[in-house]
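The structure appears right after this line, and notes come after that.
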Amino acid sequence: MLISVITTVAISCGVVSVMIWLQKAHPWREGVLKRIVLESTLTTLTACTLIVALTLILLPIAPQENLRTALFNYLIVAVIMNFVLVALTEGIFFFRQWRNSAVEAERFKKESIRAQLESLKNQVNPHFLFNSLNTLSSLIDRDQELSKEFLDDLATVYRYVLQYKNEEVVPVQAELDFIHAFIQLLKKRHGDRVAFHFNVSPAILQQGIPPMTLQLLVENAVKHNIASSRKPLKVEVFSREETLVVRNNLQRKKKVSSNGVGLRNIQRRYQYLVEKNIEINESDQYYEVRVPIIPLA
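The numbers in this note's numbering rise by one with no breaks, and the one at position 138 of the sequence shown is 138.
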């Protein structure tokens with residue numbers, strides 16, 4: 001019994017020491033085949049050498065059987081133990097490497113998404129400003145008083161944009177205040193051709209939403225649909241369970257130039273923040289987008 005314990009401890013220490021040395025001297029990245037050959041050869045030689053040495057040293061002290069039989073039995077044990085130790089140790093090593101690689105890959109993925117979102121955000125804001133300045137230019141020629149009001153509303157809207165441009169999530173209440181100011185800009189542009197209705201539960205006002213989400217959805221509805229005195233566009237913003245819904249009656253324009261920045265921006269932000277998808281529903285009568293509410297700590 002004592003000999004078996006001593007043999008097991010000696011082989012374990014010897015094989016593990018060889019493997020630790022190999023990790024430093026010949027890491028896996030230098031070649032899998034080379035590492036397997038070296039590891040198998042060196043650990044087997046180490047185990048066998050230790051068995052021979054221990055057999056010669058210990059058997060005279062506590063003889064149990066003849067030297068040849070003992071040596072043969074211990075060599076078999078050494079080879080089996082060697083493969084078990086190698087498999088176990090390298091299995092643990094590869095599991096840790098895989099786990100670290102997965103964590104690193106997720107970190108790079110999030111950093112990549114963050115960079116893409118910043119790029120999309122930088123595309124949206126100039127686009128919004130460009131449209132607003134075009135509207136202001138046309139208003140100045142028609143009505144200077146109305147253009148002054150439009151400029152005041154634009155300042156309110158851009159104050160929000162600047163205040164929250166670096167935030168990933170804002171309270172729903174702040175987003176609603178912003179969208180009401182944005183609607184005033186649209187009203188000066190479209191008049192009664194666009195109508196808005198809000199029905200948002202007070203229970204979600206202190207929950208979160210990515211900034212400018214509602215603005216992007218409302219602007220998307222106005223951009224892609226006909227809004228005229230005979231066919232007014234009706235846009236609803238309401239809460240439904242754990243989502244905010246922006247719905248409009250469907251009267252799609254025949255041709256609209258679009259690069260899909262708005263919806264792609266929203267979808268990627270939700271994927272990054274909470275790994276949830278936005279929901280898009282369409283029927284013959286309406287088009288709607290549902291965005292999840294994000295709990296705020």
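For every residue, glycine included, the Cβ atom is placed at its ideal position computed from N, Cα and C.
{"query": "How do the segment 133–143 and the segment 182–196 stand: do at least 3 beta-carbon pairs fall below 8 Å, yes or no?", "result": "yes"}
{"query": "Is it buried or exposed, residue 154, if we count other Cβ atoms within 10 angstroms and call 16 or more buried?", "result": "buried"}
{"query": "Between residue 224 and residue 252, which are expected to be in contact by the criterion C-beta below 8 Å, what is the C-beta distance as a whole number of angstroms?", "result": "6 Å"}
{"query": "Which whole-angstrom value is the C-beta distance of residue 250 and residue 291, which I expect to be below 8 Å?", "result": "Contact flag wrong, Cβ pair sits at about 19 Å."}
{"query": "I'd like the list of long-range same chain contacts for residue 172, defined as Cβ closer than 8 Å, with 5 residues on each side in sequence excluded.", "result": "200, 204, 205, 206, 207, 208, 209, 244, 293"}
{"query": "Determine the extent of the alpha helix (DSSP H) in which residue 189 is found, giving its start and end residues.", "result": "172–190"}
{"query": "Please report the distance separating the alpha-carbon of residue 279 from that of residue 159.", "result": "29 Å"}
{"query": "Would you check if there are 3 or more beta carbon pairs closer than 8 Å linking the segment 262–270 to the segment 211–218?", "result": "yes"}
{"query": "Please name the residue or residues paired with residue 242 in a DSSP beta bridge.", "result": "According to DSSP, which records beta bridges pairwise, residue 242 is partnered with nothing at all."}
{"query": "Considering Cα atoms alone, identify which of 239, 45, 289, 147 is closest to residue 266.", "result": "289"}
{"query": "How many whole angstroms separate the CB atoms of residue 174 and residue 234, which I take to be in contact at a CB cut-off of 8 Å?", "result": "Their Cβ separation, rounded to whole angstroms, is 25 Å, which puts residue 174 and residue 234 out of contact at 8 Å."}
{"query": "Identify whether residue 204 lies in helix, strand or coil by the three-state DSSP scheme.", "result": "helix"}
{"query": "Could you tell me which residues DSSP pairs with residue 233 in its beta bridges?", "result": "194"}
{"query": "Please report how far the alpha carbon of residue 105 lies from the alpha carbon of residue 99, in whole angstroms.", "result": "10 Å"}
{"query": "Which partner residues does residue 294 have in the DSSP bridge list?", "result": "208"}
{"query": "Since residue 42 contacts residue 10 with CB under 8 Å, what's their CB separation in whole angstroms?", "result": "Not confirmed; about 16 Å, so no contact."}
{"query": "Looking at the unbroken beta strand (DSSP E) that takes in residue 219, where does it start and where does it end?", "result": "Counting along the chain, residue 219 falls outside any beta strand (DSSP E), though it belongs to the alpha helix (DSSP H) covering 213–224."}
{"query": "Taking residue 239 as the reference, which of 197, 180, 107, 227 has the closest Cα?", "result": "197"}
{"query": "Given that a residue counts as buried once 16 or more other Cβ atoms are within 10 Å of its Cβ, and exposed if not, what is residue 248?", "result": "buried"}
{"query": "For residue 190, tell me which candidate among 212, 229, 83 has the shortest Cα-Cα distance.", "result": "229"}
{"query": "Distance check for residue 101 and residue 269, CA to CA, integer angstroms please.", "result": "24 Å"}
{"query": "Should residue 18 and residue 46 be called a contact, given that it needs their Cβ atoms to be closer than 7 Å?", "result": "yes"}
{"query": "Check whether the Cβ atoms of residue 181 and residue 157 lie closer than 7 Å to each other.", "result": "yes"}
{"query": "Here's a check: name, in chain order, each residue in its chain whose Cβ is nearer than 8 Å to the Cβ of residue 151, leaving out the five neighbours to either side.", "result": "136"}
{"query": "Mapping the DSSP letters down to three states, classify residue 289 as helix, strand or coil.", "result": "strand"}
{"query": "With 16 other CB atoms within 10 Å as the buried threshold, where does residue 281 fall?", "result": "exposed"}
{"query": "Hey, out of 131, 139, 88, 144, whose CA is closest to residue 222's CA?", "result": "131"}
{"query": "Exposed or buried, residue 227, counting other C-beta atoms within 10 Å across all chains shown (16 or more means buried)?", "result": "buried"}
{"query": "Got a sec, what are the start and stop residues for the beta strand (DSSP E) residue 279 sits in?", "result": "279–282"}
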